[in-house]
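Enquirer:
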Amino acid sequence: MRASVAAEKAGVPAVSIIAAPFLELARAAAKGLGVTEPSIAAYPGRPMIDTDDELREKVKNSLVPQILAGWSERVSGASGTRRPDEPRPRDVVFSGSFQQVQDYFDDQLWSDGLPVAPPTVASVEEFLRYTDRQADEIVGVCPPESREATIWNIAVNGVMAGCRPEYMPVLIAVVEAILDPEFLLEDAGATPGWEPLIILNGPIIKELNFNHGTGVMRVGRRANTSVGRFLRLFMRNVAGQRIPPGVTDKATIGYTFNVVLAEDEDAVRELGWEPYSVDRGFARGENVVTVQSCVSITPPTYSSGSDALNHVQIMSEVIGQGFAYWAYTSMRHRRWYPVIVMSPSVAKAIADDGWNKDDIRKYLYENTRMQAGLAEKYARNTALNDFDLKDMVARGVLPPEYHESDDPQRLIRVFYKSEWIHFVVAGDPGRSQARGYVQSHRHGVPVSRRIGLPSNWRQLIESSDERCSLSG
Numbered sequence: 006m007r008a009s010v011a012a013e014k015a016g017v018p019a020v021s022i023i024a025a026p027f028l029e030l031a032r033a034a035a036k037g038l039g040v041t042e043p044s045i046a047a048y049p050g051r052p053m054i055d056t057d058d059e060l061r062e063k064v065k066n067s068l069v070p071q072i073l074a075g076w077s078e079r080v081s082g083a084s085g086t087r088r089p090d091e092p093r094p095r096d097v098v099f100s101g102s103f104q105q106v107q108d109y110f111d112d113q114l115w116s117d118g119l120p121v122a123p124p125t126v127a128s129v130e131e132f133l134r135y136t137d138r139q140a141d142e143i144v145g146v147c148p149p150e151s152r153e154a155t156i157w158n159i160a161v162n163g164v165m166a167g168c169r170p171e172y173m174p175v176l177i178a179v180v181e182a183i184l185d186p187e188f189l190l191e192d193a194g195a196t197p198g199w200e201p202l203i204i205l206n207g208p209i210i211k212e213l214n215f216n217h218g219t220g221v222m223r224v225g226r227r228a229n230t231s232v233g234r235f236l237r238l239f240m241r242n243v244a245g246q247r248i249p250p251g252v253t254d255k256a257t258i259g260y261t262f263n264v265v266l267a268e269d270e271d272a273v274r275e276l277g278w279e280p281y282s283v284d285r286g287f288a289r290g291e292n293v294v295t296v297q298s299c300v301s302i303t304p305p306t307y308s309s310g311s312d313a314l315n316h317v318q319i320m321s322e323v324i325g326q327g328f329a330y331w332a333y334t335s336m337r338h339r340r341w342y343p344v345i346v347m348s349p350s351v352a353k354a355i356a357d358d359g360w361n362k363d364d365i366r367k368y369l370y371e372n373t374r375m376q377a378g379l380a381e382k383y384a385r386n387t388a389l390n391d392f393d394l395k396d397m398v399a400r401g402v403l404p405p406e407y408h409e410s411d412d413p414q415r416l417i418r419v420f421y422k423s424e425w426i427h428f429v430v431a432g433d434p435g436r437s438q439a440r441g442y443v444q445s446h447r448h449g450v451p452v453s454r455r456i457g458l459p460s461n462w463r464q465l466i467e468s469s470d471e472r473c474s475l476s477g
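For the sequence shown, this note's numbering begins at 6 and goes up steadily by one.
1) Report the rounded CA-to-CA distance for ASP58 versus LEU68, giving the unit in angstroms.
2) Return helix, strand or coil for ASN206, following the three-state DSSP convention.
3) Judging by CA-CA distance, which residue of PRO94, ASP358, SER460, ILE248 is the nearest neighbour of GLY118?
4) Applying the criterion that 16 or more other CB atoms from any shown protein chain within 10 Å of the CB defines a buried residue, is LYS65 buried or exposed?
5) Please go through the same chain and pick out, in chain order, the residues whose beta-carbon is closer than 7 Å to the beta-carbon of TYR330, but skip the five residues on each side of it.
6) So who's on the other strand from CYS168, going by DSSP bridges?
7) Quick one: measure Cβ to Cβ for ALA178 and ILE456, integer angstroms, because I've assumed they're closer than 8 Å.
8) Tell me which residues share the same chain as GLY233 and place their Cβ nearer than 7 Å to its Cβ, disregarding the 5 neighbours each side in the sequence.
9) Measure how close the beta-carbons of THR306 and ILE319 come, nearest whole angstrom, since I'm counting them as under 8 Å.
10) DSSP puts GLU200 in a beta bridge; with which residues?
11) Is it the case that the Cβ atoms of ALA166 and LEU238 are separated by a distance below 9 Å?
12) Counting beta carbon pairs with one atom in the region 196-214 and one in the region 156-163, are three or more of them shorter than 8 Å?
13) Ignore the nearest five residues each way along the sequence and tell me which others in ALA272's own chain have a CB closer than 6 Å to its CB.
14) Indicate whether the contact test is met: 3 or more Cβ pairs, each with one atom in the region 342-357 and one in the region 294-312, closer than 8 Å.
15) In whole angstroms, what is the alpha-carbon distance linking ARG79 and VAL10?
16) Quick one: what does DSSP say GLU130 is sitting in, helix, strand or coil?
17) Just the Cα atoms here: how many angstroms apart are ASN315 and ASP111?
18) Cα-Cα, which of TYR172, GLY245, ARG340 is closest to ARG227?
19) Over what stretch of residues does the alpha helix (DSSP H) that includes GLN376 continue unbroken?
20) At what residues does the beta strand (DSSP E) containing HIS316 begin and finish?
21) Less than 8 Å between C-beta atoms, sequence neighbours within five positions excluded: which residues of the same chain meet that for VAL398?
22) Does the region 177-195 come into contact with the region 142-153, if we say contact requires no fewer than three beta-carbon pairs (one atom in each stretch) closer than 8 Å?
23) Comparing alpha-carbon positions, which option in THR219, LEU38, ASN229 lies nearest ALA12?
24) Please confirm whether any heavy atom of the ligand ATP lies closer than 8 Å to the CB of ARG95.
25) In three-state terms, what does DSSP make of PHE428?
26) Give me the Cβ distance between ALA35 and PRO43, rounded to the nearest whole Å; I'm assuming they're in contact under 8 Å.
27) Scan the region 177-252 and note each continuous alpha helix (DSSP H) run of 4 residues or more that stays entirely inside, going in chain order.
28) Cα separation between ARG340 and ARG447?
29) Hey, ARG374 and ILE324 are a contact pair by Cβ (cut 8 Å); roughly how many whole angstroms apart?
30) Taking the alpha carbon of VAL20 as the point to measure from, which residue in GLN71, VAL164, ARG134 has its own alpha carbon closest?
31) Output yes or no for whether 9 Å exceeds the beta carbon distance between ASP284 and LYS362.
32) Where do the N-terminal and C-terminal ends of the alpha helix (DSSP H) with THR136 fall, by residue?
33) Can you give the Cα-Cα distance for LEU465 and LYS14, rounded to whole angstroms?
34) With 16 as the cutoff for other CB atoms within 10 Å, does THR41 come out buried or exposed?
35) Starting from GLN104, trace the alpha helix (DSSP H) both ways and give me its first and last residue.
36) Quick one: residues in its chain with C-beta nearer than 7 Å to the C-beta of VAL164, no 5 flanking neighbours on either side, listed in chain order?
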């Protein structure tokens with residue numbers, strides 16, 4: 006759809022071929038790009054499960070006539086990022102009881118299905134005290150609905166998610182990250198149903214009381230939970246990623262939002278390692294958010310003893326094989342950034358035995374393998390019918406080691422590049438557990454941003470601490 010719109014705006018007539026279940030999504034995507042009447046040829050059904058004969062018949066008798074008709078028309082419409090029928094900052098859109106507010110927001114598709122904190126003008130303005138940026142500043146434009154992200158609507162969604170006002174600098178940095186074109190926010194509604202994962206580093210973890218220990222990825226700590234919920238609400242309300250009765254989120258099954266993953270930087274320092282943010286190119290001690298996609302999570306993986314090799318072997322055998330199913334995406338797209346979260350005790354055992362992160366990466370890269378035939382099978386069952394390792398090697402897309410023979414049972418690397426594997430130290434220091442977070446591929450690649458603090462941050466935080474103490 007996006008390619009067709011670009012072609013039309015360049016003066017080239019184009020028709021988008023869309024499977025029927027994606028028809029409303031295509032129209033919504035076109036509207037977000039400023040095109041009111043896109044030329045679409047709808048395939049009647051689901052091509053992945055139609056027989057060859059059904060496919061031929063539908064293409065000949067339904068699809069081709071629509072394509073020919075569409076070429077005779079021109080896409081019309083103008084680009085724009087603001088809808089005149091939508092509320093402006095400080096508009097009062099509804100007045101009523103708490104329950105009436107919930108019902109109204111549900112009816113408008115402004116809720117994630119949970120009760121929201123009513124975003125009164127006063128509560129939103131309280132959030133604005135925690136940034137030096139102006140309320141009407143445009144941070145960027147959010148696909149697929151091409152709505153402007155502003156400091157004001159960031160604060161609105163922060164209120165709704167149950168955030169405290171002092172989380173505002175984190176919320177702004179999170180939005181800046183997902184609006185980076187590298188992140189491909191427009192594909193956040195793709196059928197795998199991936200969720201964004203926020204990784205947090207820096208002194209702000211302690212200043213705002215983010216959990217980095219036991220139950221780090223559970224709901225329960227306000228900071229971790231509400232900021233994670235904020236991102237899903239923002240993607241829904243501003244970017245426009247909505248499940249039915251919305252049409253822009255096509256997650257086949259999906260799962261719920263991730264809470265913020267905050268790193269235990271004290272534990273990292275004791276290991277002699279650098280925190281995840283330094284691996285991402287920032288200086289130690291900087292406040293940094295990283296946002297990336299997460300398409301699945303591996304089982305909790307236990308390891309024991311003082312031998313680093315044993316811990317890393319088990320990571321390879323369990324977490325590595327949990328990554329294996331999705332590895333074909335890295336071979337095809339050459340973008341893939343899996344994350345392994347280790348409890349401090351696992352990381353300590355590995356570090357005490359003389360291993361560093363690069364040693365772990367090297368072992369996982371060299372020893373985590375899968376059958377070549379399985380990679381091809383998995384890819385082709387997701388409609389990647391041209392996925393052929395032999396051909397990809399011949400074209401220079403993959404290195405020669407991916408096709409050393411035609412044996413479908415030959416073993417190939419799960420990890421395309423060792424430097425793409427990342428580690429975060431967090432969780433209960435009393436248990437020896439690790440877990441893998443599978444990044445989608447070029448959808449939601451990791452994007453990091455420094456957290457900008459207001460000039461009076463220290464004074465604001467101290468006054469916030471006093472209010473918390475007074476309120477018990």
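Even glycine gets a Cβ: it sits at the ideal position worked out from N, Cα and C.
All of these numbers come straight from a predicted model, not from anything done at the bench.
Expert: Looking at the coordinates:
1) Position 53 of the sequence shown, counted from the start, is the residue given in the question as residue 58. Position 63 of the sequence shown, counted from the start, is the residue given in the question as residue 68. Going from the Cα of ASP58 to the Cα of LEU68 covers about 14 Å.
2) Taking the first residue of the sequence shown as 1, we reach residue 206 at position 201. DSSP places ASN206 in strand when its eight states are reduced to three.
3) Translated into positions along the sequence shown, residue 118 becomes position 113. Out of PRO94, ASP358, SER460, ILE248, ILE248 has the C-alpha closest to the C-alpha of GLY118.
4) The sequence position of residue 65 within the sequence shown is 60, counting from 1. Exposed is the call here.
5) Taking the sequence shown and counting its residues from 1, the one referred to as residue 330 is at position 325. Around TYR330: TYR383.
6) Here residue 168 refers to the residue found at position 163 when the sequence shown is read from its first residue. None, per the DSSP bridge assignment.
7) Residue numbering aside, residue 178 sits at position 173 when the sequence shown is read from its first letter. Residue numbering aside, residue 456 sits at position 451 when the sequence shown is read from its first letter. 4 Å between Cβ atoms; contact.
8) To locate residue 233, count along the sequence shown from 1; it is residue 228. Closer than 7 Å at Cβ, skipping near neighbours: ILE203, PHE262, ASN263, VAL264, VAL265.
9) Position 301 of the sequence shown, counted from the start, is the residue given in the question as residue 306. Position 314 of the sequence shown, counted from the start, is the residue given in the question as residue 319. With a Cβ gap of about 6 Å, THR306 and ILE319 count as contacting.
10) As a first step, residue 200 is located in the sequence shown; it is residue number 195 there, counting from the start. DSSP output for GLU200 lists CYS299 as bridge partner(s).
11) Position 161 of the sequence shown, counting from 1, holds the residue named residue 166. Position 233 of the sequence shown, counting from 1, holds the residue named residue 238. Their beta carbons are under 9 Å apart, which means ALA166 touches LEU238 by this criterion.
12) no
13) Position 267 of the sequence shown, counted from the start, is the residue given in the question as residue 272. Here the set comprises PRO349, VAL430.
14) yes
15) Numbered from its first residue, the sequence shown carries residue 79 at position 74. Numbered from its first residue, the sequence shown carries residue 10 at position 5. With a pLDDT of 49 at ARG79, under the threshold of 50, the modelled position of this residue cannot be trusted; read the value that follows with caution. Approximately 10 Å between the Cα atoms of the pair.
16) Position 125 of the sequence shown holds residue 130. It is helical.
17) Looking up residue 315 in the sequence shown gives position 310. Looking up residue 111 in the sequence shown gives position 106. Going by the C-alpha atoms only, they are around 51 Å apart.
18) Here residue 227 refers to the residue found at position 222 of the sequence shown. The candidate whose alpha carbon is nearest that of ARG227 is TYR172.
19) Your numbering for residue 376 matches position 371 in the sequence shown. No alpha helix (DSSP H) holds GLN376; the beta strand (DSSP E) holding it covers 374-376.
20) For this step, residue 316 is matched to residue 311 along the sequence shown. First-last for HIS316: 313-319, but that is the alpha helix (DSSP H), not the beta strand (DSSP E).
21) Start at 1 with the first residue of the sequence shown, and residue 398 comes out as number 393. PRO404, PRO405, TYR407, HIS408, listed in sequence order.
22) yes
23) For the purposes of this step, residue 12 is taken as the residue at position 7 of the sequence shown. Among THR219, LEU38, ASN229, the Cα nearest to that of ALA12 belongs to LEU38.
24) The ligand ATP is absent from the structure shown, which contains no ligands of any kind.
25) Mapped onto the sequence shown, residue 428 falls at position 423. Strand, per DSSP.
26) Position 30 of the sequence shown holds residue 35. Position 38 of the sequence shown holds residue 43. Yes, ALA35 and PRO43 are in contact; Cβ-Cβ is about 4 Å, under 8 Å.
27) 209-212, 227-239
28) Taking the first residue of the sequence shown as 1, we reach residue 340 at position 335. Taking the first residue of the sequence shown as 1, we reach residue 447 at position 442. Going by the C-alpha atoms only, they are around 5 Å apart.
29) Within the sequence shown, the letter at position 369 stands for residue 374. Within the sequence shown, the letter at position 319 stands for residue 324. Not really, about 14 Å apart at Cβ, beyond 8 Å.
30) By 1-based counting over the sequence shown, the position of residue 20 is 15. Closest option to VAL20, Cα to Cα, is GLN71.
31) The residue labelled residue 284 in the question sits at position 279 within the sequence shown. The residue labelled residue 362 in the question sits at position 357 within the sequence shown. Yes, the Cβ-Cβ distance between ASP284 and LYS362 is below 9 Å.
32) As a first step, residue 136 must be located in the sequence shown, where it is residue number 131. No alpha helix (DSSP H) contains THR136, which DSSP labels as neither H nor E.
33) Position 460 of the sequence shown holds residue 465. Position 9 of the sequence shown holds residue 14. About 48 Å.
34) Position 36 of the sequence shown, counting from 1, holds the residue named residue 41. Exposed, since its Cβ has fewer than 16 Cβ neighbours within 10 Å.
35) For the purposes of this step, residue 104 is taken as residue 99 along the sequence shown, with counting starting at 1. From DSSP, the alpha helix (DSSP H) with GLN104 extends over 103-112.
36) Residue 164 sits at position 159 when you count from the first residue of the sequence shown. Counting only Cβ-Cβ distances below 7 Å, and skipping sequence neighbours, we find ALA122, PRO124, SER128, VAL129, PHE132.
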